[in-house]
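The opening residue of the sequence shown carries number 26 in our numbering; numbering runs sequentially from there.
Reading through the structure tokens given below for one structure.
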Amino acid sequence: MAIKKYEVPINKLRWECDPNIFEFNHTKNLAPLREFVGQDRAIRAIEFGLSMDRDGYNIYVAGLTGTGKTSVVKTYIQRLVERKKVEEKRQLEDWCYLYNFTDSDRPQIISLPQGKGKPFRNQISNLLQKLKEGLTRAFSSEEYASERKKAAEESQTRQQKLLEETAEVAQRQGFQLQMTSVGPALFPVVDGKAVSQADYLALDKSARNKIEKKRNDILKKVRATFEKMHEIESQTAEKLQNTDKTVADFTISRLFHNLLNAYKDSEKILRYLNDLKSFTLSNLNIFKEKEEPPQAVLGVVPGQMMGGGDPLLPFRVNIFVDNSAAEGPPVITESNPNYTNLFGKIERRFLFGGYLSDHTMLKPGALQMANGGYLLLSASDVLTNPSVWPTLKRAIRTKEVRIEDPFEQFGLIAPQGLKPQPMPINAKIILIGDGMLYQLLSMYDEDFWEIFKVKADFDFQL
Numbered sequence: 026m027a028i029k030k031y032e033v034p035i036n037k038l039r040w041e042c043d044p045n046i047f048e049f050n051h052t053k054n055l056a057p058l059r060e061f062v063g064q065d066r067a068i069r070a071i072e073f074g075l076s077m078d079r080d081g082y083n084i085y086v087a088g089l090t091g092t093g094k095t096s097v098v099k100t101y102i103q104r105l106v107e108r109k110k111v112e113e114k115r116q117l118e119d120w121c122y123l124y125n126f127t128d129s130d131r132p133q134i135i136s137l138p139q140g141k142g143k144p145f146r147n148q149i150s151n152l153l154q155k156l157k158e159g160l161t162r163a164f165s166s167e168e169y170a171s172e173r174k175k176a177a178e179e180s181q182t183r184q185q186k187l188l189e190e191t192a193e194v195a196q197r198q199g200f201q202l203q204m205t206s207v208g209p210a211l212f213p214v215v216d217g218k219a220v221s222q223a224d225y226l227a228l229d230k231s232a233r234n235k236i237e238k239k240r241n242d243i244l245k246k247v248r249a250t251f252e253k254m255h256e257i258e259s260q261t262a263e264k265l266q267n268t269d270k271t272v273a274d275f276t277i278s279r280l281f282h283n284l285l286n287a288y289k290d291s292e293k294i295l296r297y298l299n300d301l302k303s304f305t306l307s308n309l310n311i312f313k314e315k316e317e318p319p320q321a322v323l324g325v326v327p328g329q330m331m332g333g334g335d336p337l338l339p340f341r342v343n344i345f346v347d348n349s350a351a352e353g354p355p356v357i358t359e360s361n362p363n364y365t366n367l368f369g370k371i372e373r374r375f376l377f378g379g380y381l382s383d384h385t386m387l388k389p390g391a392l393q394m395a396n397g398g399y400l401l402l403s404a405s406d407v408l409t410n411p412s413v414w415p416t417l418k419r420a421i422r423t424k425e426v427r428i429e430d431p432f433e434q435f436g437l438i439a440p441q442g443l444k445p446q447p448m449p450i451n452a453k454i455i456l457i458g459d460g461m462l463y464q465l466l467s468m469y470d471e472d473f474w475e476i477f478k479v480k481a482d483f484d485f486q487l
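What follows is the structure, encoded as structure tokens:
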């Protein structure tokens, strides 16, 4: 039959591989493939974008879901990071927020070499502990107590003398000077006895007018005396304050000396330490030993409940970004790039009808954590979260991140809070999205091409 000639033998119905054509005996002997097949153009674009350290060379990775673009980007970033560890050994930085003595609502930010943030915080903490011990000991000495007692006795003697002299003047004029709950009072004296209110009213008008005229003249002298007494009190208080500073100055200067020398090359830290030293000298009462410290209520001492705050807050160091454990440039992937997750936040504690916040409650976002490294974001997530895209563009252009209250971004009334100094950043931003979104951004956002100059286009066909 004619159809017989089209018959296919059974041994030809499937292809068989001849193992003799291979140069290996087992696939486990083969090195894994390090390259991605079929995406050469996109890979070259990624390598180019990652190697460029100039402004604006951030990367937009375009492609359909399933083309492997996210895996490729992460792989090549990791290779670049490993290479930089060997070639450049780039030093990262730790970032800390400190109390701002000029404006407490604007915490100041400082940078330290990688791994030096925690030691700096420990140094300030140890300094505070030594100040407490040293100043408590100085203010508990017998010499200090004797000096204060002497100044107080001198003040009391001078005031008592003035008061006695004024009382004698009043007595010679026929009046008795007495201290009442509302202040000094003058009572007319007849036959060595103070005239009662009833006897005074029984006098004729002429006699009363004469007494009142004398009383007014003497009252001027009494007021002048009490003004001098208040002046003596002020002088004594100033003298005691100067005594406190004299006693404390040696201890404070000795404890600050090593720190000031250690950070003499850092202008911002040196200014902070000098301000901290001045603060300590001006607030010695904080360090004086108290008989019974107030008990905390709900974690807050009574002095802080009405907004008094922590008196030792200037000594608190907030390690904002800690790179002590980092072995290379950070690679951060933020899966939920909302405003606070990306740019940081100001935490608050609600207490007794109000909000408490200070520089120790500042928390970093993904952008701050990626400083000196790489940040991977979903383009669609960035664009659909309110205020994120314009704020991200501003951060890229200005190369700094400001922690702001999202309430203000949304046009709502925000609780009065902090406005921390911005943190300088230098990070490579990689947006991952589809081609249509790239076209829309190119058409309708005039800033897009200026800050995302590299496009890696993944082909869906191999």
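All C-beta atoms, glycine included, are put in the ideal place defined by N, C-alpha and C.
- DSSP places Y169 in the uninterrupted alpha helix (DSSP H) bounded by E167 to R197.
- Classified as exposed, C42 has fewer than 16 neighbouring CB atoms from the shown chains inside 10 Å of its CB.
- With respect to I457, V106 sits apart: the two C-beta atoms are not nearer than 8 Å.
- DSSP places E158 outside any beta strand (DSSP E); the residue lies instead in the alpha helix (DSSP H), whose first and last residues are G142 to F164.
- The continuous alpha helix (DSSP H) containing E292 extends over residues E292 to S307.
- Boundaries of the alpha helix (DSSP H) harbouring F473: F473 to I476, taken from the DSSP string.
- Listed as beta-bridge partners of E425 by DSSP are P449.
- The C-alpha of K480 is placed about 10 Å away from the C-alpha of R69.
- Per the coordinates, the alpha-carbon of N299 lies some 37 Å from the alpha-carbon of D78.
- Around the C-beta of Y31, fewer than 16 other C-beta atoms lie within 10 Å, and the residue is accordingly described as exposed.
- Looking at the backbone, the Cα of K289 and that of E429 are separated by about 32 Å.
- Taking 8 Å as the upper bound for CB-CB distance, D482 and R66 are in contact here, some 7 Å apart.
- Among the bridge pairs identified by DSSP, T358 is matched with L401.
- Looking at the DSSP output, V98 sits in no beta bridge, so it has no partner there.
- Counting C-beta atoms within 10 angstroms of its own C-beta, F275 has fewer than 16 neighbours from the protein chains shown and is therefore classed as exposed.
- Closest in alpha carbon position to S403, among L38, T90, L337 and Q203, is T90.
- Relative to the Cα of Q260, the nearest Cα in the group P336, S349, A176 and R162 belongs to A176.
- Taking 8 Å as the cut-off, the Cβ atoms of A262 and L160 do not count as close.
- In the assembly as shown, E359 is a buried residue. Its beta-carbon has 16 or more other beta-carbons within 10 Å.
- For I68, the enclosing alpha helix (DSSP H) has its first and last residue at D65 to S76.
- Membership of Y122 in the beta strand (DSSP E) is indicated by the continuous run E118 to L123.
- The region 295-311 makes no contact with the region 347-366: fewer than 3 CB pairs, one atom from each, lie closer than 8 Å.
- A buried status is given to Y122, since no fewer than 16 other beta-carbon atoms sit within 10 Å of its beta-carbon.
- Spanning the alpha carbons of I35 and L465 requires a straight line of approximately 57 Å.
- Excluding its 5 nearest sequence neighbours in each direction, A163 has C-beta neighbours in its own chain below 7 Å: Y169, V272, A273 and T276, listed in chain order.
- About 7 Å separates the beta carbons of A452 and L392, which is inside the 8 Å limit, making them a contact pair.
- I135 sits buried, since 16 or more C-beta atoms from the chains shown fall within 10 Å of its C-beta.
- Here F47 is exposed, its C-beta having fewer than 16 other C-beta atoms within 10 Å.
- As computed with DSSP, P213 is found in a beta bridge with F200.
- Partner residues in a beta bridge of R108, as assigned by DSSP, do not exist.
- Residue pairing by DSSP puts T205 in a beta bridge opposite G208.
- Counting along the chain, no alpha helix (DSSP H) covers L38, and no H or E run does either.
- Bounds of the alpha helix (DSSP H) holding F368 are Y364 to F368.
- Taking the Cα positions, N151 is about 14 Å away from P339.
- Taking all protein chains shown into account, Q133 has 16 or more neighbouring C-beta atoms within 10 Å of its C-beta and is therefore buried.
- Residue pairing from DSSP leaves A249 without any beta-bridge partner.
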